[in-house]
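Structure first, then comments.
2 protein chains.
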Amino acid sequence: LKFIEGGITAPEGFMAAVARAGLRRASRKDIAVIYSQKECNAAAAFTTNRLRAACIEVTEKHLRASGGRLNCIVVNSGNANALTGKEGIRNAERMCAEAARLLGIRREMVAVASTGIIGVQLPIEKVLKGLRDAIPRLSDSTIAGTQAAEAIMTTDRVRKECAIETELHDGRKIKLGGMTKGSGMIAPRMRGLHATTLTFITTDAPVQRTYLQHCLDMCVEDTFNLISIDGDMSTNDCIILAANGAALGPTIRKDTEFEEALHAMLASLAKKVAMDGEGETKLIVVEVRNAKSNEDARNAALSVVNSNLVKCAIFGSDPNIGRIAAALGASGCSVNFSCVDISLCGEKVVSGGIVEMDRQKVVKKMRAREILIEVDLHAGKYSATAMGSDLSYDYIRINSAYST
Amino acid sequence: LKFIEGGITAPEGFMAAVARAGLRRASRKDIAVIYSQKECNAAAAFTTNRLRAACIEVTEKHLRASGGRLNCIVVNSGNANALTGKEGIRNAERMCAEAARLLGIRREMVAVASTGIIGVQLPIEKVLKGLRDAIPRLSDSTIAGTQAAEAIMTTDRVRKECAIETELHDGRKIKLGGMTKGSGMIAPRMRGLHATTLTFITTDAPVQRTYLQHCLDMCVEDTFNLISIDGDMSTNDCIILAANGAALGPTIRKDTEFEEALHAMLASLAKKVAMDGEGETKLIVVEVRNAKSNEDARNAALSVVNSNLVKCAIFGSDPNIGRIAAALGASGCSVNFSCVDISLCGEKVVSGGIVEMDRQKVVKKMRAREILIEVDLHAGKYSATAMGSDLSYDYIRINSAYST
Chain W
74 LKFIEGGITA
84 PEGFMAAVAR
94 AGLRRASRKD
104 IAVIYSQKEC
114 NAAAAFTTNR
124 LRAACIEVTE
134 KHLRASGGRL
144 NCIVVNSGNA
154 NALTGKEGIR
164 NAERMCAEAA
174 RLLGIRREMV
184 AVASTGIIGV
194 QLPIEKVLKG
204 LRDAIPRLSD
214 STIAGTQAAE
224 AIMTTDRVRK
234 ECAIETELHD
244 GRKIKLGGMT
254 KGSGMIAPRM
264 RGLHATTLTF
274 ITTDAPVQRT
284 YLQHCLDMCV
294 EDTFNLISID
304 GDMSTNDCII
314 LAANGAALGP
324 TIRKDTEFEE
334 ALHAMLASLA
344 KKVAMDGEGE
354 TKLIVVEVRN
364 AKSNEDARNA
374 ALSVVNSNLV
384 KCAIFGSDPN
394 IGRIAAALGA
404 SGCSVNFSCV
414 DISLCGEKVV
424 SGGIVEMDRQ
434 KVVKKMRARE
444 ILIEVDLHAG
454 KYSATAMGSD
464 LSYDYIRINS
474 AYST
Chain C
74 LKFIEGGITA
84 PEGFMAAVAR
94 AGLRRASRKD
104 IAVIYSQKEC
114 NAAAAFTTNR
124 LRAACIEVTE
134 KHLRASGGRL
144 NCIVVNSGNA
154 NALTGKEGIR
164 NAERMCAEAA
174 RLLGIRREMV
184 AVASTGIIGV
194 QLPIEKVLKG
204 LRDAIPRLSD
214 STIAGTQAAE
224 AIMTTDRVRK
234 ECAIETELHD
244 GRKIKLGGMT
254 KGSGMIAPRM
264 RGLHATTLTF
274 ITTDAPVQRT
284 YLQHCLDMCV
294 EDTFNLISID
304 GDMSTNDCII
314 LAANGAALGP
324 TIRKDTEFEE
334 ALHAMLASLA
344 KKVAMDGEGE
354 TKLIVVEVRN
364 AKSNEDARNA
374 ALSVVNSNLV
384 KCAIFGSDPN
394 IGRIAAALGA
404 SGCSVNFSCV
414 DISLCGEKVV
424 SGGIVEMDRQ
434 KVVKKMRARE
444 ILIEVDLHAG
454 KYSATAMGSD
464 LSYDYIRINS
474 AYST
């Protein structure tokens, strides 16, 4: 597989368009539309928060009604349409209905996603006008995809898109395109297969629907479900994967090349999110090896990457090894500290106890942009890698006055 | 019951002393000794972190060996004696042995607790010298108790002590004294009965040992186990409760007056800890009512008080209601958002959906020192109140350079 230029419009037959609806700031594009004239098989994963945004309810309903197919995804940033009651549901439905009318398709063939402030009704007329502006300008150009990746940003500092080309087992060439957003309110769910952040993936591979869902679930588990910015779970998280089959040929029911490409796509997008955490100055990567169980490996890695104290120490380039060990212990994983190895930035710092380290050397290495913490539990054969961002003054600045 | 002046030396027969061992800063008292010549029945609760400090291992062993009795508790601040392997265990044993030698008691009658940096060996000779300095100066004066409460502080801004006088059911007057420390690495464990922070409680009531443990477990559950500063669980948390029976009279096997006094003591100390969170500018109190189960009530209250995003919004006096609702939803509690009521600082902000609020009025009320969030789930009859601190620039400052 190879990474290529572009994003969601890279695969054949996918178009995108954006508009300024003025939902939050007048100068910003805040509406994105993804469209494939050819019907897509769709797979999706949603937040497990009990407070689910109206868009999630409506998208789930539409996917059920359409038998898991769609032509179009409409997205707005600047307003989450969550905690908005029946009016919120009506507004999400109206977004789908307007897109469907303009495109000449059934409304069940439209999915909707929102991101932004919670608890404020959508200015629906502005949103509908935005859709009317965007849809006539749908284009399959690379720039259209890139603009869509920009329109879904909120506190993100950089747009996040990715495209991959690969050859299937039978030699057919297919493409995947993806975009994601997210920098705060990002936390994994450790159990089950659930999504985090808004992520949209397109592919021209003709993939059978239940297999598509299976692939998505599998890939989410060790990518998006292992990143954490602040431990807060959103009401709006969703991942939607749409396969329009424009690459033609027989339907894919099982193909490791496809699985690998999808995994590479989600891993790349998840890392982009982890690297763009609110106020993030450093990416933290925690690799746990030789855990007694898969769950232990995941919980241990997440416990370290989620620790506010570890995050602060890394922000300050402070080799506070004890906090890493305490977070491991707090995870509840099976661990015997007399035989645990921990390395920080490639330097062994714990080996059955604290190792005498060249403190100045470690501090210097900790000034890097990416901080690697390697843990060997010597307790079994399971591994997991979690990613997250440090905790800085800027996280506080960004989040102490978000709604005002 | 009434609150009286003083702390751990308020009950009859308890003495305290402190010393400067120079464990962290030369100018600071960092050794505290609590002593009762009369043997005490003891109850204790320890951290559930898999990485347990050496002092916890040794204290647990001693309490087992002595049949749950003790005469003395030695405490040091500035070094946690955790992740210190066999040498750490030996050092904790030596602390107990030295105190026992000086007091002429068996070493099993000494409990030990430590707090401070993790992963650095105790400078044991300094500690032993500190004990030799302190023990000859043991005193039952109020000031001796107060100095002990100061000697166990680390990043605490204020000392935390409390004393209560009450009459038992049979008219006997008894006293309780307590001190606690803790401002970072504080997180409750939601299941079981576990301790948080270093807390020492003395009483002259003659309480039967298993009943004493029962009372402690019960009271910890809705006091210390419902506070959270940063969600990080410590390796050193412990609560030790010592009853020396100096108030004489028959052994207490059940007495609601005693239970109420102990509960008031733990509630008062827990609130002091919550109010002194690292970088804390505001106390957050979350009252959840009418939950479907006790666990739901506790999880919901803790989820809100633990949310970094809620903490940041409160720091900034920003009425970001959506974050409170999202944290409730993330707790997994049984909740129907079409009939949830939420009040913020006494103003109704959610009632089956966002309520139109006088934003400026709420912002003004949020500038208070104590922020009350009331949640009515209308789902059952269980309640819980959790407390914690906001998340400020100072938390980052304090924790980004702790070990350097």
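So the protein sequences, as listed, match chains W and C. The first sequence maps to residues 74 to 477 in the working numbering. The second sequence maps to residues 74 to 477 in the working numbering. Positions of the beta carbon are idealized from the N, C-alpha and C atoms, including for glycine. Owing to the predicted nature of the structure, the values given are computational and were not obtained by experimental measurement.
Exposed unless 16 or more other CB atoms sit within 10 angstroms - verdict on residue i
i: W/Val231; result: exposed
i: W/Gly265; result: Reliability fails at W/Gly265, whose pLDDT of 32 lies under 50, so the model's placement of it is uncertain and no value is given.
i: C/Ala118; result: buried
i: C/Ser214; result: exposed
i: W/Cys288; result: buried
i: W/Glu353; result: buried
i: W/Ile216; result: exposed
i: C/Glu166; result: buried
i: W/Arg262; result: Reliability of the predicted coordinates at W/Arg262 is poor, the pLDDT of 48 falling under 50, and the value obtained from them is presented with this limitation in mind. Looking at its Cβ environment, which holds 16 or more other Cβ atoms inside 10 Å, W/Arg262 is buried.
i: C/Thr329; result: exposed
i: W/Phe76; result: exposed
i: C/His135; result: buried
is_contact[residue i, chain W] using C-beta, thresh 8 Å
i: C/Gly350; result: no
i: C/Asp229; result: no
i: C/Asn114; result: no
i: C/Leu401; result: yes
i: C/Ser150; result: no
i: C/Ala337; result: no
i: C/Asp391; result: yes
i: C/Arg396; result: yes
i: C/Gly255; result: no
i: C/Ile469; result: yes
i: C/Ser482; result: Residue 482 of chain C is absent from the structure shown; chain C starts at 74 and stops at 477.
CB of residue i within 8 Å of CB of residue j, strictly
i: W/Met439; j: W/Pro392; result: yes
i: C/Cys145; j: C/Leu176; result: yes
i: W/Asp349; j: W/Lys233; result: yes
i: C/Ile237; j: C/Lys246; result: no
i: C/Asp229; j: C/Gly151; result: no
i: W/Arg442; j: W/Lys355; result: yes
i: C/Val346; j: C/Gly255; result: yes
i: C/Gln286; j: C/Ile325; result: no
i: C/Gly208; j: C/Ala172; result: For the sequence presented, residue 208 of chain C should be read as Ile rather than Gly. Their beta carbons are under 8 Å apart, which means C/Ile208 touches C/Ala172 by this criterion.
i: W/Gly192; j: W/Leu156; result: yes
i: C/Ile394; j: C/Val422; result: yes
i: W/Ser456; j: W/Ala364; result: yes
i: C/Val293; j: C/Leu241; result: no
Closer than 8 Å to chain C by CB, residue i
i: W/Ser462; result: no
i: W/Phe119; result: no
i: W/Ser307; result: yes
i: W/Cys385; result: yes
i: W/Tyr455; result: no
i: W/Leu124; result: yes
i: W/Ser473; result: yes
i: W/Phe388; result: yes
i: W/Glu78; result: no
i: W/Tyr284; result: no
i: W/Gly405; result: yes
i: W/Tyr466; result: yes
Whole-number beta carbon distance between residue j and residue i, since they are thought to touch under 8 Å
i: W/Met168; j: W/Leu204; result: 7 Å
i: W/Asn149; j: W/Ala94; result: 7 Å
i: W/Ser407; j: W/Asp369; result: 6 Å
i: W/Asn122; j: C/Ala399; result: 6 Å
i: W/Glu447; j: W/Ser416; result: 4 Å
i: W/Gly250; j: W/Gly141; result: No, W/Gly250 and W/Gly141 are not in contact; Cβ-Cβ is about 20 Å, not under 8 Å.
i: C/Ala105; j: C/Ile197; result: The Cβ separation is near 17 Å, so there is no contact.
Any non-hydrogen atom of the ligand ZN within 7 Å of residue i CB
i: W/Ala186; result: What this structure holds is no ligand at all, so the ligand ZN is not there to describe.
If the cut-off is 9 Å on Cβ atoms, which residues from the region 187-210 of chain W count as contacting chain C, listed in chain order? Ile190, Ile191, Gly192, Val193, Gln194
Report the residues of the region 408-429 of chain W with a CB closer than 8 Å to any CB of chain C, ordered along the chain. Val408, Phe410, Ser411, Val423, Gly425, Gly426, Ile427
Mind checking the region 366-382 of chain C against chain W and listing, in chain order, the residues whose C-beta falls within less than 7 Å of any C-beta there? Ser380, Asn381, Leu382
Going along the chain, which residues of the region 150-166 of chain W sit with their C-beta nearer than 9 Å to a C-beta in chain C? Ala153, Ala155, Leu156, Thr157, Gly158, Lys159, Glu160, Gly161
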